[in-house]
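Q: Once you've had a glance at the structure underneath, I'll fire off some questions.
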Amino acid sequence: MRTVFCLIALALPLAAQKPFQFWPGATYDPAIPTHRKVLGYEPGERITTHDGILRYLNALASATPRFKVFEYGETWEGRKLVYAALGSEANMRRLPEIRAAIGRLADPRRTPAPEARKLAADLPAVVWLAYGVHGNEISSPDAALLTCYHLLAARNDKMADLILANVLLLVTPIQNPDGRERFIHHFEQNRGLEPDASPAAAERNEAWPGGRSNHYLFDMNRDWIALTQPEIRDQVKALLEWYPQVFVDLHEMGGDNTYFFAPDADPFNPHLTREQRESLGLFGKNNARWFDRFGIDYFTRDVFDAFYPGYGASWPAYHGAIAMTYEQASVRGMVVRKSNGNLLHFRDSVRHHFVASLSTAETAARNRQKLLDGFYRYRATAIEEGANEPVKEYVLPRGRDFAATDKLAGLLVRHGVEVARARAPFHNGGREFPAGSYVVRLAQPAKRLVRTLLDPVVAMDAPFLAAEEDRRRSSRSSEIYDVTAWSLPLMFNVEAVPCAQVSQGQFHPATGDLILPGEVHGKAAVAYLVPWGSAAAGRLLAAALRQELRVLSSDRPLTLNGTKYPSGSLIFKLSENPPDLHERLVALAGSTGANVDATATGWVDEGVNFGSRWVVQVRRPSIAMAWDAPVSSSAAGATRYVLERQFGYPVTAIRTQHLSKADLGKFHVLILPPGGNYAQVLGPAGIRRVKEWVSTGGTLVATGEAVSFLAEKGVELLAVAQENLYTEAEPKKPEMPASPAPAEPGAPARIPGKVLASESDFRKAIQPEKAPPDGVAGVLVRARLDPDHWITAGVGETVTALVAGRSIYSPIRLDKGVNAAYFDAPDKLLASGYLWEENRKQLAFKPLLIVQPEGRGNVVGFTADPTFRAYMDGLNMLFLNALFRGPAHARRSGL
Numbered sequence: 002m003r004t005v006f007c008l009i010a011l012a013l014p015l016a017a018q019k020p021f022q023f024w025p026g027a028t029y030d031p032a033i034p035t036h037r038k039v040l041g042y043e044p045g046e047r048i049t050t051h052d053g054i055l056r057y058l059n060a061l062a063s064a065t066p067r068f069k070v071f072e073y074g075e076t077w078e079g080r081k082l083v084y085a086a087l088g089s090e091a092n093m094r095r096l097p098e099i100r101a102a103i104g105r106l107a108d109p110r111r112t113p114a115p116e117a118r119k120l121a122a123d124l125p126a127v128v129w130l131a132y133g134v135h136g137n138e139i140s141s142p143d144a145a146l147l148t149c150y151h152l153l154a155a156r157n158d159k160m161a162d163l164i165l166a167n168v169l170l171l172v173t174p175i176q177n178p179d180g181r182e183r184f185i186h187h188f189e190q191n192r193g194l195e196p197d198a199s200p201a202a203a204e205r206n207e208a209w210p211g212g213r214s215n216h217y218l219f220d221m222n223r224d225w226i227a228l229t230q231p232e233i234r235d236q237v238k239a240l241l242e243w244y245p246q247v248f249v250d251l252h253e254m255g256g257d258n259t260y261f262f263a264p265d266a267d268p269f270n271p272h273l274t275r276e277q278r279e280s281l282g283l284f285g286k287n288n289a290r291w292f293d294r295f296g297i298d299y300f301t302r303d304v305f306d307a308f309y310p311g312y313g314a315s316w317p318a319y320h321g322a323i324a325m326t327y328e329q330a331s332v333r334g335m336v337v338r339k340s341n342g343n344l345l346h347f348r349d350s351v352r353h354h355f356v357a358s359l360s361t362a363e364t365a366a367r368n369r370q371k372l373l374d375g376f377y378r379y380r381a382t383a384i385e386e387g388a389n390e391p392v393k394e395y396v397l398p399r400g401r402d403f404a405a406t407d408k409l410a411g412l413l414v415r416h417g418v419e420v421a422r423a424r425a426p427f428h429n430g431g432r433e434f435p436a437g438s439y440v441v442r443l444a445q446p447a448k449r450l451v452r453t454l455l456d457p458v459v460a461m462d463a464p465f466l467a468a469e470e471d472r473r474r475s476s477r478s479s480e481i482y483d484v485t486a487w488s489l490p491l492m493f494n495v496e497a498v499p500c501a502q503v504s505q506g507q508f509h510p511a512t513g514d515l516i517l518p519g520e521v522h523g524k525a526a527v528a529y530l531v532p533w534g535s536a537a538a539g540r541l542l543a544a545a546l547r548q549e550l551r552v553l554s555s556d557r558p559l560t561l562n563g564t565k566y567p568s569g570s571l572i573f574k575l576s577e578n579p580p581d582l583h584e585r586l587v588a589l590a591g592s593t594g595a596n597v598d599a600t601a602t603g604w605v606d607e608g609v610n611f612g613s614r615w616v617v618q619v620r621r622p623s624i625a626m627a628w629d630a631p632v633s634s635s636a637a638g639a640t641r642y643v644l645e646r647q648f649g650y651p652v653t654a655i656r657t658q659h660l661s662k663a664d665l666g667k668f669h670v671l672i673l674p675p676g677g678n679y680a681q682v683l684g685p686a687g688i689r690r691v692k693e694w695v696s697t698g699g700t701l702v703a704t705g706e707a708v709s710f711l712a713e714k715g716v717e718l719l720a721v722a723q724e725n726l727y728t729e730a731e732p733k734k735p736e737m738p739a740s741p742a743p744a745e746p747g748a749p750a751r752i753p754g755k756v757l758a759s760e761s762d763f764r765k766a767i768q769p770e771k772a773p774p775d776g777v778a779g780v781l782v783r784a785r786l787d788p789d790h791w792i793t794a795g796v797g798e799t800v801t802a803l804v805a806g807r808s809i810y811s812p813i814r815l816d817k818g819v820n821a822a823y824f825d826a827p828d829k830l831l832a833s834g835y836l837w838e839e840n841r842k843q844l845a846f847k848p849l850l851i852v853q854p855e856g857r858g859n860v861v862g863f864t865a866d867p868t869f870r871a872y873m874d875g876l877n878m879l880f881l882n883a884l885f886r887g888p889a890h891a892r893r894s895g896l
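Anchor point for the sequence shown: position 72 equals 73 in the working numbering, and the numbering is continuous, going up by one each time.
Following this line, the structure appears as structure tokens:
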């Protein structure tokens, strides 16, 4: 009885409080179901689950014809992905007509300007609001539900009526259901008697990996150029059906902030137009008007730039939308105490996103015609620019890694880019391109997206870079928010040839397929061969090993029947494989895209024979990887995704703290993804266990920051070291006599005086004696390969890597190991992005890929993460060589 009395007593003050109002003065139609009626609580009282979101949306759709729910995909964990459409009854009745009309506006080649004006006069503006791409940014999905309810239920509300009449609102209420459910589970497990406002409370401090990411631990707000995850890929497909004129991605940031909305910070991507940038001010000013009215603090321009195109709030802009990020201070629970002592409640954060959502829709409604005209103009001028610029098209020739080129072309199609495929060879610019090559013409509505994704360099503006250099000299924080380079051809390590003329020949539209079927050429009497060096061959190898086929691989190139096969090429001997080998390889070629050649002889024209000591057996490796702290969750997720989903090979994820106890003898390969203090988590016993496992024949693969762990004293599995910042030595001066001892006890020690004659002298004087290189935001750099090592088999002469952070490693000496890939000379190093001059000089000729024998095993170190964001496809073959060919070159009996 006492407990009940206490709970009632605690509730009395809350009951006496004035009801919280999200939109003061609003009255609502009782025919539209409320939160409480459907979910059992008021908005902002609880964090709504994915199931609750769907139930509420379906309840709204059942209550009014002004609301409809569409399913557009499914997450890795099987949760539905939906968006909702709402508008006036008249607009909802003609949804197919509106979509078709917007499609006509999107292509000015078939819609002349007079017709476009007529269409725009009768169309609503399409506004897409996307909520909750990060699962632990919890306020925006609940704000999405409140926004829909208010617009459907508000009575005698001129603003709501204006919006419904002039805007077709499309709402993705939750972009990341898997991550949200992970956060809610954590929160429910850790909450106590009452909401805890302490920033240190367990309920808001998540265990690894946290709820930000999806099932494969991707930060999906970085996935909009690679489109690897279904949550983003399928949303892009839906966006290309509607071509919204306004797109807003609603986020959360640190709890001590206020609210951010457009305009964005510098730098802006140069492929965004002046009209788009000016339109950001329209939305920002109206947001400010409502925030001022309600007393909500906000800021603009300070952070969150518009340079990298891979954000949700960036990608739609390259199709002509006004795209924006909104950021709300995060509660990560029901209430948090900010550092100034103020309390921020979950319902407050919901309300702020709700107000911003309504304000955005109102701005679009008041500027309906302007937005539609601007959208058409954006795409019309893109076509004009593409026709008049010196480069008229890009040709993507099908070369050594033809599978990567196929993937790039298919990815562009999924981005809404027009791509043509050649039925026959053709010429352009004095060069012949083979059949199957792709042409991407710039005279198309998506021209600016084409340039953004395919150009080797997208330049930042000079004033911003000058300010960045000044900030660096003063040791102030950089204002570059993300990577400065993302050229897809460079990252895929394939050609994109700029041409000044439009290619002539036989072409047909390319599809969005990322894998085109391969073929088996002939029926073998002795063996089948698969040229190594393509992602397709990697997929076939992974699948063949899972089927327990016996696979050989050549460490040297060979020529057979007039065909040249690079090192690493796969050999399937009939005598060592099942009788149905041909049928199996036909199926595998079709599903993986690899081409397979039959041979009736083992006699080679040049190179090594099948029985040579340079031909090794590739056994099916058991692969483990470190999982959990201190591993970077996003890096671990990308590594696992690349192996499991891009190459179809399973990985055993072992929690890092359990590696000291796990039976590593069951595994051939152990991957250590980028991470923090491995030594602390593993402890001496774990380090000793890993070293013993390698020495008995294991293949240890470390990527990114994990390389520094292997180089640490006491670990010493890689004989390299991280370098400090290089500074040119000054000429030696005569030594000054030591300063005399202090005249009195306690008097300050003194050093000889020194004249600082210039600003340069001052800058040198304030630098630390030992400092790491300056941090790099993310650039693409070239690396050269040692062609004779087994880990570089089939790859070619050079690759491109993405370098970020401060780590530069010394080369390994020849008596310890091999620098299998090393960064190019200073004048050839930088492929794309902005790199500090000092880093450019110091990084040259330093290792990208190190192989060090250890006992009967091998240690492999990638100083730059080869699976970063799962879009560094050009490094995939090196990574696969480490995982599959590494065990083949270890002296260990098979399991």
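Glycine included, C-beta positions come from ideal geometry on N, C-alpha and C.
All values derive from a computational prediction rather than experimental measurement.
1) State whether the stretch 628-644 contacts the stretch 667-676, with contact taken as three or more CB pairs (one from each stretch) at a distance under 8 Å.
2) Give the secondary structure of residue 700 by DSSP, where H, G and I count as helix, E and B as strand, and everything else as coil.
3) Measure the C-alpha to C-alpha separation of residue 335 and residue 411 and round it to an integer number of angstroms.
4) Looking at residue 252 and residue 135, is the spacing between their C-beta atoms short of 8 Å?
5) Near residue 765, what residues of its chain come up, given a Cβ to Cβ distance below 7 Å and the 5 sequence neighbours on each side ignored?
6) Go through the stretch 169-202 residue by residue and report every complete run of the alpha helix (DSSP H) that reaches 4 residues or more, in order.
7) Excluding the 5 residues preceding and the 5 following residue 92 in the sequence, name in chain order all residues of the same chain whose CB lies nearer than 7 Å to its CB.
8) Is DSSP giving residue 118 helix, strand or coil here?
9) My assumption, with CB atoms under 8 Å, is that residue 398 sits in contact with residue 340. Please give the rounded CB distance.
10) So is residue 823 in contact with chain D if we call contact Cβ pairs under 8 Å?
11) Let me know the secondary structure DSSP gives residue 737 once reduced to three states.
12) So residue 330 and residue 255 are supposed to be a Cβ contact under 8 Å. How far apart are they, rounded?
13) Rounded to a whole number of angstroms, what is the C-alpha to C-alpha distance between residue 369 and residue 423?
14) Return the chain-ordered list of same chain residues with a C-beta closer than 7 Å to the C-beta of residue 654, the five sequence neighbours on each side being excluded.
15) Need the endpoints of the beta strand (DSSP E) that residue 565 sits in, please.
16) Starting from the C-beta of residue 110, find all residues in its chain whose C-beta is less than 7 Å away, skip the five residues before and the five after it, and write them out in chain order.
17) Which value, in whole angstroms, describes the spacing of the CA atoms of residue 829 and residue 879?
18) So the beta strand (DSSP E) residue 142 belongs to, where does it begin and stop?
19) Please go through the same chain and pick out, in chain order, the residues whose beta-carbon is closer than 7 Å to the beta-carbon of residue 90, but skip the five residues on each side of it.
20) Out of 296, 882, 182, 83, state which residue places its alpha-carbon closest to the alpha-carbon of residue 542.
21) Please classify residue 819: does DSSP put it in a helix, a strand, or coil?
22) When burial is assigned at 16 or more other CB atoms within 10 Å of the CB, is residue 103 buried or exposed?
23) Could you tell me if residue 28 is buried or exposed, where buried requires 16 or more neighbouring beta carbons within 10 angstroms of its beta carbon?
24) For residue 737, does the count of other Cβ atoms within 10 angstroms reach 16, so buried, or fall short, so exposed?
25) Does the beta-carbon of residue 363 have 16 or more other beta-carbons within 10 angstroms, so that it is buried, or is it exposed?
26) For residue 314, which residues of its own chain have a beta-carbon under 6 Å away from its beta-carbon, when the five flanking residues on both sides are left out?
27) Just to confirm the assignment, what range does the beta strand (DSSP E) spanning residue 368 have?
28) Considering only C-alpha positions, which residue in the set 338, 84, 818 is nearest to residue 171?
29) By the DSSP assignment, the beta strand (DSSP E) with residue 708 in it spans what residues?
30) Which stretch, first to last residue, makes up the beta strand (DSSP E) that contains residue 164?
31) Answer with buried or exposed for residue 549, where buried requires no fewer than 16 other C-beta atoms within 10 angstroms of its C-beta.
32) How should residue 590 be labelled, buried or exposed, when 16 other C-beta atoms within 10 angstroms of its C-beta is the threshold for buried?
33) Hey, quick one: how far does the alpha helix (DSSP H) through residue 583 stretch, first residue to last?
34) Candidates 670, 567, 717: which alpha carbon is nearest residue 1's?
35) Do you know offhand how far residue 868's Cα is from residue 623's?
36) Straight-line CA distance for residue 886 to residue 518?
A: In short, the structure shows the following:
1) yes
2) Position 699 of the sequence shown, counting from 1, holds the residue named residue 700. Note: residue 700 maps to strand in three-state DSSP.
3) Here residue 335 corresponds to residue number 334 of the sequence shown, with the count starting at 1. Here residue 411 corresponds to residue number 410 of the sequence shown, with the count starting at 1. Going from the Cα of residue 335 to the Cα of residue 411 covers about 44 Å.
4) As a first step, residue 135 is located in the sequence shown; it is residue number 134 there, counting from the start. As a first step, residue 252 is located in the sequence shown; it is residue number 251 there, counting from the start. Yes.
5) Translated into positions along the sequence shown, residue 765 becomes position 764. Counting only Cβ-Cβ distances below 7 Å, and skipping sequence neighbours, we find nothing.
6) 178-191
7) As a position in the sequence shown, residue 92 is number 91, starting the count at 1. Correct list, in chain order: 99, 125, 169.
8) Stepping through the sequence shown from its first residue, residue 118 is reached at position 117. In the structure shown, residue 118 sits in a helix (DSSP, three-state: H, G or I).
9) Here residue 398 is taken as the residue at index 397 of the sequence shown, counted from 1. Here residue 340 is taken as the residue at index 339 of the sequence shown, counted from 1. About 57 Å separates the two Cβ atoms, so there is no contact after all.
10) No chain D is present in this structure, which holds just one protein chain.
11) On the sequence shown, residue 737 is found 736 positions in, with the first residue counted as 1. Because the pLDDT of residue 737 is 49, which lies under 50, any placement of that residue in the model is unreliable, and the number read from its coordinates should be weighed accordingly. Residue 737 falls in the coil class under three-state DSSP.
12) Translated into the one-based positions of the sequence shown, residue 330 becomes position 329. Translated into the one-based positions of the sequence shown, residue 255 becomes position 254. Contact holds; Cβ gap of about 7 Å.
13) To locate residue 369, count along the sequence shown from 1; it is residue 368. To locate residue 423, count along the sequence shown from 1; it is residue 422. Cα to Cα, the separation comes out at about 42 Å.
14) By 1-based counting over the sequence shown, the position of residue 654 is 653. 626, 628, 641, listed in sequence order.
15) In the sequence shown, counting from the first residue as 1, residue 565 sits at position 564. Where residue 565 is concerned, the enclosing beta strand (DSSP E) stretches over 564-566.
16) The count along the sequence shown starts at 1 and reaches residue 110 at position 109. Only 384 meet the Cβ criterion.
17) Stepping through the sequence shown from its first residue, residue 829 is reached at position 828. Stepping through the sequence shown from its first residue, residue 879 is reached at position 878. About 21 Å.
18) To locate residue 142, count along the sequence shown from 1; it is residue 141. From DSSP, residue 142 is part of no beta strand (DSSP E) but of the alpha helix (DSSP H) over 140-154.
19) As a position in the sequence shown, residue 90 is number 89, starting the count at 1. Cβ neighbours of residue 90 beyond the five flanking positions: 66, 67.
20) The residue labelled residue 542 in the question sits at position 541 within the sequence shown. With distances taken between Cα atoms, residue 542 lies closest to 882.
21) Position 818 of the sequence shown holds residue 819. DSSP places residue 819 in strand when its eight states are reduced to three.
22) Here residue 103 is taken as the residue at index 102 of the sequence shown, counted from 1. Buried, since its Cβ has 16 or more Cβ neighbours within 10 Å.
23) As a working note, residue 28 is residue 27 in the sequence shown. Burial call: exposed.
24) Within the sequence shown, the letter at position 736 stands for residue 737. Caution is warranted here: a pLDDT of 49 is assigned to residue 737, below 50, making its placement in the model unreliable, and no coordinate value can be reported.
25) Here residue 363 refers to the residue found at position 362 of the sequence shown. Residue 363 should be labelled buried.
26) In the sequence shown, residue 314 corresponds to position 313, counting from 1. Cβ neighbours of residue 314 beyond the five flanking positions: 250, 324, 325, 326.
27) Taking the sequence shown and counting its residues from 1, the one referred to as residue 368 is at position 367. Segment: none, residue 368 is in no beta strand (DSSP E) and carries neither H nor E.
28) The sequence position of residue 171 within the sequence shown is 170, counting from 1. Nearest of 338, 84, 818 to residue 171, Cα basis: 84.
29) As a position in the sequence shown, residue 708 is number 707, starting the count at 1. Careful: residue 708 lies outside any beta strand (DSSP E), inside the alpha helix (DSSP H) at 707-712.
30) Walking along the sequence shown from the start, residue 164 turns up at place 163. Where residue 164 is concerned, there is no enclosing beta strand (DSSP E), although the alpha helix (DSSP H) it sits in stretches over 159-167.
31) To locate residue 549, count along the sequence shown from 1; it is residue 548. Per the 10 Å Cβ criterion, exposed.
32) In the sequence shown, the residue the question calls residue 590 occupies position 589. Buried, by the Cβ-count rule.
33) To locate residue 583, count along the sequence shown from 1; it is residue 582. Segment 582-593, the alpha helix (DSSP H) holding residue 583.
34) Any answer about residue 1 is impossible in this case: the structure gives the chain only from 2 up to 896.
35) Taking the first residue of the sequence shown as position 1, residue 868 is located at position 867. Taking the first residue of the sequence shown as position 1, residue 623 is located at position 622. When rounded, the distance between both Cα atoms is 19 Å.
36) On the sequence shown, residue 886 is found 885 positions in, with the first residue counted as 1. On the sequence shown, residue 518 is found 517 positions in, with the first residue counted as 1. Computed Cα separation, rounded: 25 Å.
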